[in-house]
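Undergrad: Just dropping this structure here.
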Amino acid sequence: MMTSLLYGGAGVILFALGLWAFLVYEPLLRKLIALNIMGSGVFHLLIAIAERGALAPDPVPHAMVLTGIVVAVSATALALAMGRRLEDDDDAR
Amino acid sequence: MLDSLALAVSVPLIGALLVTAVPGRVQGLGLLAALATLATVGLVTAEVWQQGSLRSDLGGWGAPLGISLAADGLSAALLAMAALVALAVSVYASGYFSRGETETHFWPLWLLLWAALNGLLLAADLFNLYVTLELLGLTAAALGALTGTRAAVEASLRYLLVGLLGSLAYLLGVALLYTAYGTLDMALLGAAVRPEPIAGSALVLMTAGLALKAALFPMHFWLPPAHANAPAPVSAALSALVVKAAFYLMLRLWLDVFAPLVTPWAAGLMGLLGALAVFWGSWRALRAERLKLMAAYSTVAQIGYLCLFLPVLTALPAGDAREDLLVALLLMALTHGFAKAGLFLAAGLVQRSAGHDRIDDLGGTAQHMPATTFSIGLAGIALIGLPPSGSFVGKWILMRSVIESGQWWWIPVILVGTLLAAAYVFRVLSRAFNLEPTPRRFVTQARTEVPALLLALTSAAVLGLAARPLWRLLGFEGGL
Amino acid sequence: MNLDQLLPAVIVLSSFLPGVFIFLLKEESHLLRGVLNMTGAIVKVLLVGVMIWGVFHGHVYETRLTLAPGLDLVLHADALAVLFATLSSVLWLVTTIYAIGYLEHSPNRSRFFGFFSLCVSATVGVALAGNLLTFVVFYEVLTLATYPLVAHRGTPDATRGGKIYLAYTMGGGALLLVGAVWLQALSGPSDFVHGGFLSGLHPDVWGQLVAIFFFLLAGLGVKAALVPLHGWLPQSMVAPAPVSALLHAVAVVKAGAFGIVRVVYDVYGVGFADALGLLTPLGILATITILYGSGMALTQDGLKKRLAYSTVSQVSYIALGASILGPIATIGGVVHLVHQGIMKITLFFCAGNYAETLGVHKVSQMDGVGRRMPWTTLAFSVGALGMIGIPPIAGFVSKWYLAMGAVEADAYWVLLILALSSLLNAGYFLPILYRAWFRPPPKRWPEEHIPAGRFETMGALLWPPLITAAFCLVAGLFAAAPFSPLEWATLIARREYGP
Amino acid sequence: MRRAGTLVIGALVGLLALWLLWVLRDVLVPTPRLAELALQELPNTGVSNPVTGVLLAYRAYDTLLELAVLLAALLGIWSLGAASPGFQPAGTVLRGMVKLVVPLLILTGGYLLWVGGHAPGGAFQAGALLGAAGVVLRLAGDARAGLPPVPVQRRLAVAGAATFVLVGLATMAFGTGFLSYPPAWAKWLILTIETAATLAIGVTLAAAYVGGQPVPRSGEDGPL
């Protein structure tokens, strides 16, 4: 119970930190990292709830996290590619 | 066993995979996939028409362990609208993009977006919805950047980031719900949800995330640049379908999953945001210098319009009046979908023909393209909500319900919205009357002009006069 | 569905479908366009003729399309509907001939005639509307169809006129919509019936009914050009003459006045409206408008502007008739719906002829115009004298019944208004007639477009005003004949006040 | 001013965090959850690793769409223009290491793919390793990250989702319903899907790292 709250709470705090950084900082890279931290926060929470008490871990949140990671990677990749495209444009000027 | 629900998602997906693998025949294969998708959606709609609602347990597991797809009248109607709009967009795109790079990039992403849209409208599982939301967001952002201009890439990047933020808020909400209730299936959750803090937090997080994606005021800031800078067929799809999809999901959550939690105050807040969106979006549309920017701001206003339904809907007791209002909301959404798509497609033609889309300098172009000007006019009628458009019927029922539920303060909002819409639409249309010589003929490029015209015509005339089947589709009295 | 259920819809479509085809025509297909136009116009007149015969013999013509539960689109032919439908379809036929002649050689005719056809479809829809929803639908479609005609010329003036026209009519439409929806929320879905359908409502909502009346009146008053909602009318004079004729005599202004008549007689019922105290404000508004319009007309030098203000004034006779409780005043108001139409369209045709033939746009340029264009000026004189109320022209009949009605209702002040107004009418029309007939013509006309030949101007321009002028005389001389406007108005009044 | 804004946002976000912590404090109890049901049904899935069971049996449809998400990202990246030319060719030492590491990564990937059926592992982990091999190659100077020509890349990138959806349609055609594997076939179908998915993920990740359609070498395939 306490451990779960610790992990889950850490997830919430990560989410909040990421949200704060996303809202406050301008540069693309920081925003992207912030988003990934937010994502990690949610994943953290999911992992925490998978292992509540002494029962066997719940595989459903685990699978959700795996899927979530792939989605996050894809989105980050696309955002980075767009950012790079913008920087290339700047260089070309 | 033909599973029409699974087909409605997998057919466009297969189409996307095909055109990715065989880029040499992208246009032919793409159009073929579009037709096939329309056929599957037709099948879904027909089955819903006959059976009321459909449900399919993918993999045979069933809820809560497996994922289900489900369709009812609401989703079937939106699915059908999306398919018709998407087909028109596809035909238009086949004439709009010159053969080459852009076309190769457009088709696979476009079909993926369509698959995501169908997936979202049919999903019955909250986490699956997250995946479809992300697929939708990624494809939409990538398509928005297809023009390759700096403004477009910048706007799309912002769109992507905002979309991700929205999805993460949504996902956190899903995680909270799973924590509390141990299921992800919407129907099961709807039965389990109790008015308690964790469910309330999930509702707030998910609504906020989706409002961001639906560009509800004041979270609309990303929409106008993204929609205005995308290539015309993409703008049409983004404004008509993608934004509506987020709103649809929000509506589903409010009405089906979180119904016990929705207080009059919460619904009133949504209505207030909607009212502000109507004012702000319409005002900015009126001041917009460019046609596509005007259309984009008009989308902000229209989403606001849809939100006005929420407080009235919650105030009405279950019964005929509430059912009528729900259909009116749907009718409004459908009409706006067709109208906005038609408007953007037409705006794209104007832009291409004139080399720009500055409203003040459009005179000659409008005069030379009567069919396109007509499309803008017809779509405009539907956006204003003039008869015989579907939004007129929707507005009538909304106003009637507003009066009956005693929330008369929404009436001025509706009126001001209508008049501002008339002002921005006719600001464009008045450019069509000038001293230029006579146009050559009504339609000059059938492949691009006719889809726009048909969409606009559907919104302005067909939906309003033939709305009755919607009652039957949703299983309400008063249908055919 | 039998034919009786289809006829109203067919009548509306008889001009709508040609309109749609006309849009799709190539600009050069003048002949085909003319044929389509005329076919639509003639078919419509014939169908309306069938309907008159049927209504007279007790047939019920009703087309009903359910848009949504409680929202029926109803086209229903009662006596009042038939009266207005006949007026608009007959005058449309005449105006079509005139417009084909008037617009020869000008650009964008496909667009013009397309909207022209839509415009009359909407007007007939307004005429046949069987409930408020249907009325609102066609009323708004009418706005949409007339805007392109007002803005047609594309000059900065036309654009501005169009904008003002829209601003007024859209605002009015919004208010009308509120009134109509509010009314439906109170009374449920109801069709127009003689004597109204509201008197059974609980007295608690009477206050709301009064408010609704003013919403409806504001919406209708814009098109009917009631002061202070008349501002668009003089501005929209930039439109081509056939459009002005259409706006003033056939479609827009008439739709507003017709709507007021409908609301007073068939929604509230004139007795109930009187009980709610609604007739007095309506009468006051009409009076102000009558006097203001005439006063403004006196000061205008532009011929069309003078006619426009005259319309503002004349149309309010209809509202005035509706505001007096009593069958005779009702007859006067309703019959003026027709009489004002045929007289005013004659005047606008003539004004168009002067402009098109000689380039004469102002009253001050009209010296001796009667010698150069005697037939046109003759028609103009008939219309003008009718407006003043000189017997035996149609206008006299209207004013006579209004006056009698006022006496019947003990509203003697109306007599004063009528006298004053007629004096003002004379004040702005007689000088024109004097100039035209008795002053010597100038050496050169401002811009002589059409030289005098066998006729003083083109045949297509000359015949329409002559025909409508003849109508004015016939409607006055044979007012007591069966099927005359007066007889028809009497029938309507009899049904409204009931046995 | 800006600082004040930052503080306000910080305060609001902090409040949100506190609220969520308060909400979570008493719901982190063991029930309710799907674990028991998932473990109970596991023998019917054809795999014995519960996470793989969720990913490829219970929630296979999610995984299918997720492959589509990955593909969408790659397509988006490709649509943004050509890739940058890449890095300097690696020096001797690095090249030697690459020669060692890349085969090892591929081998490990293969192992993870196989083991995923009954222990932690599976297509994503394996695909990630393949992608990593591509990244290493690109860092070492191979402009195309060891990937085949673009037309082949396209086919490989769609292979995962295509196999997946075709299996789904096939099971539908055979009457068991979309993605309902017949028990006898389940294990092999899942393995087939996972293999295709591994390849697709590996290729997609590597291609995404290249970051655009590679500039064609002379005499080779053109940009499509």
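Residue numbers (our numbering), protein chains in the order written: chain Z, 1414 to 1506; chain A, 21 to 500; chain G, -16 to 482; chain R, 1327 to 1550.
In this text, a Cβ means the ideal position worked out from N, Cα and C, and glycines have one as well.
Sorted by chain position, which residues of the same chain lie with C-beta nearer than 6 Å to Ala462/G's C-beta, five sequence neighbours on each side aside?
TA: Around Ala462/G: Val380, Leu469.
Undergrad: With distances taken from CA atoms, which of Gly50/A, Ala56/A, Pro43/A, Val42/A is nearest Ser24/A?
TA: Nearest of Gly50/A, Ala56/A, Pro43/A, Val42/A to Ser24/A, Cα basis: Ala56/A.
Undergrad: Give me the Cα-Cα distance between Arg214/A and Gly1424/Z, rounded to the nearest whole angstrom.
TA: C-alpha separation (whole angstroms): 24 Å.
Undergrad: Report back the beta-carbon spacing between Leu(-4)/G and Ile5/G to the nearest angstrom; my notes put them in contact at under 8 Å.
TA: Contact flag wrong, Cβ pair sits at about 14 Å.
Undergrad: Going residue by residue through the segment 339 to 398 of chain G, where are the continuous alpha helix (DSSP H) segments of at least 4 residues, counting only ones entirely within it?
TA: For the segment 339 to 398 of chain G, whole alpha helix (DSSP H) runs of length 4 or above, ordered along the chain, are 352 to 355, 357 to 371, 377 to 391.
Undergrad: Note down, in chain order, every chain A residue with its Cβ under 8 Å from the Cβ of Lys146/G.
TA: Neighbours of Lys146/G on chain A, chain order: Phe446, Ser450.
Undergrad: Give the DSSP-derived three-state secondary structure of Leu54/G in the structure shown.
TA: Three-state DSSP puts Leu54/G in a strand.
Undergrad: Please list, in chain order, the chain R residues whose beta carbon lies closer than 7 Å to that of Asp1471/Z.
TA: Simply Arg1359, Leu1360, Ala1361.
Undergrad: Check Gln387/A in the structure and name its three-state DSSP category.
TA: Gln387/A falls in the helix class under three-state DSSP.
Undergrad: Any beta carbon of chain A sitting closer than 9 Å to that of Ile1426/Z?
TA: Not one chain A Cβ lies under 9 Å of Ile1426/Z.
Undergrad: Checking contacts by CB at 9 Å: is Phe1504/R closer than that to chain A?
TA: Yes, because at least one Cβ of chain A sits closer than 9 Å to the Cβ of Phe1504/R.
Undergrad: Among Leu483/A, Val482/A, Ala335/A, His376/A, which has the Cα closest to the Cα of Gln427/A?
TA: Nearest C-alpha to Gln427/A: Ala335/A.
Undergrad: Is it a yes or a no for the segment 1446 to 1456 of chain R touching the segment 1489 to 1499 of chain Z, going by three-plus beta-carbon pairs under 8 Å?
TA: No contact exists between the segment 1446 to 1456 of chain R and the segment 1489 to 1499 of chain Z.
Undergrad: What did DSSP end up calling Gln465/A once you bin it into helix, strand or coil?
TA: Coil.
Undergrad: Quick one: list the residues of chain Z neighbouring Ala1330/R, beta-carbon separation under 9 Å, in chain order.
TA: Neighbours of Ala1330/R on chain Z: none; closest Cβ ~12 Å, over 9 Å.
Undergrad: Distance cutoff 9 Å, beta carbons only. Does Ser1374/R sit that close to anything in chain Z?
TA: Closer than 9 Å: no.
Undergrad: So, is Trp396/G buried or exposed, given that buried needs 16 or more other C-beta atoms within 10 angstroms?
TA: Answer is exposed; the Cβ neighbour count stays below 16.
Undergrad: Using C-beta distances below 7 Å, list every residue in its chain close to Leu1397/R, excluding the 5 sequence neighbours before and after it, in chain order.
TA: Closer than 7 Å at the Cβ level, and outside the excluded window around Leu1397/R, lie Ala1483, Val1484, Ala1487, Thr1530.
Undergrad: Along the segment 140 to 162 of chain A, what residues have a CB closer than 9 Å to any CB found in chain B?
TA: No chain B is part of this structure, whose protein chains are labelled Z, A, G and R.
Undergrad: By how many angstroms is the C-alpha of Gly335/G removed from the C-alpha of Glu343/A?
TA: Rounded to the nearest angstrom, the two C-alpha atoms are 54 Å apart.
Undergrad: Any C-beta of chain Z within less than 7 Å: which residues of the segment 1449 to 1483 of chain R qualify?
TA: Taking 7 Å as the Cβ-Cβ cut-off against chain Z, the residues of the segment 1449 to 1483 of chain R that qualify are Phe1450.
Undergrad: Any beta-carbon of chain Z closer than 9 Å to the one on Leu269/A?
TA: Taking Cβ atoms only, chain Z never reaches closer than 9 Å to Leu269/A, which makes this a no.
Undergrad: Taking a Cβ distance cut-off of 8 Å, strictly less, list which residues of the segment 1335 to 1352 of chain R are near chain A, in chain order.
TA: Under the 8 Å Cβ criterion, the segment 1335 to 1352 of chain R contributes Trp1345, Leu1346, Trp1348, Val1349, Leu1350.
Undergrad: Does the segment 63 to 78 of chain A come close enough to the segment 1359 to 1366 of chain R that 3 or more CB-CB pairs lie under 8 Å?
TA: At 8 Å Cβ cutoff, the stretches do not touch.
Undergrad: Within the 9 Å Cβ cut-off, does Tyr198/A reach chain Z?
TA: It does; some Cβ of chain Z falls within 9 Å.
Undergrad: Using DSSP with H/G/I as helix, E/B as strand and the rest coil, what is Thr169/A?
TA: The answer is coil: DSSP assigns Thr169/A none of H, G, I, E or B.
Undergrad: Would you call Phe466/G buried or exposed, if buried means 16 or more other Cβ atoms sit within 10 Å of its Cβ?
TA: Exposed, since its Cβ has fewer than 16 Cβ neighbours within 10 Å.
Undergrad: Examine chain Z for any beta-carbon lying closer than 9 Å to the beta-carbon of Ala165/A, and answer yes or no.
TA: Taking Cβ atoms only, chain Z reaches closer than 9 Å to Ala165/A, which makes this a yes.
Undergrad: Less than 9 Å between CB atoms is the rule here; does Arg1498/Z satisfy it with respect to chain R?
TA: At least one chain R Cβ lies under 9 Å of Arg1498/Z.
Undergrad: So, at 8 Å on beta carbons, what are the nonlocal neighbours of Pro280/A in its own chain, with the 5 sequence-adjacent residues on each side left out?
TA: Answer for Pro280/A: Val213, Arg214, Pro215, listed in chain order.
Undergrad: Tell me the residue span of the alpha helix (DSSP H) that contains Ser302/A.
TA: Where Ser302/A is concerned, the enclosing alpha helix (DSSP H) stretches over 284 to 307.
Undergrad: Between the Cα of Val43/G and the Cα atoms of Phe255/G, Ser89/G, Leu111/G, Val321/G, which residue gives the shortest distance?
TA: The option with the nearest alpha carbon to Val43/G is Leu111/G.
Undergrad: Report yes if the CB atom of Leu141/A is closer than 9 Å to the CB atom of Leu107/A, and no otherwise.
TA: Contact flag unset, no.
Undergrad: State the start and end residues of the unbroken alpha helix (DSSP H) segment that holds Leu483/G.
TA: The requested residue 483/G does not occur in the structure, where chain G is confined to residues -16 to 482.
Undergrad: Tell me whether Gly1431/Z is buried or exposed, calling it buried when 16 or more other Cβ atoms sit within 10 Å of its Cβ.
TA: With 16 or more Cβ atoms within 10 Å of its Cβ, Gly1431/Z is classed as buried.
Undergrad: Our contact map puts Met349/G next to Arg418/G with C-beta atoms below 8 Å; I'd like the distance itself, whole angstroms only.
TA: With 8 Å as the limit, Met349/G and Arg418/G qualify as a contact, their Cβ atoms being about 5 Å apart.
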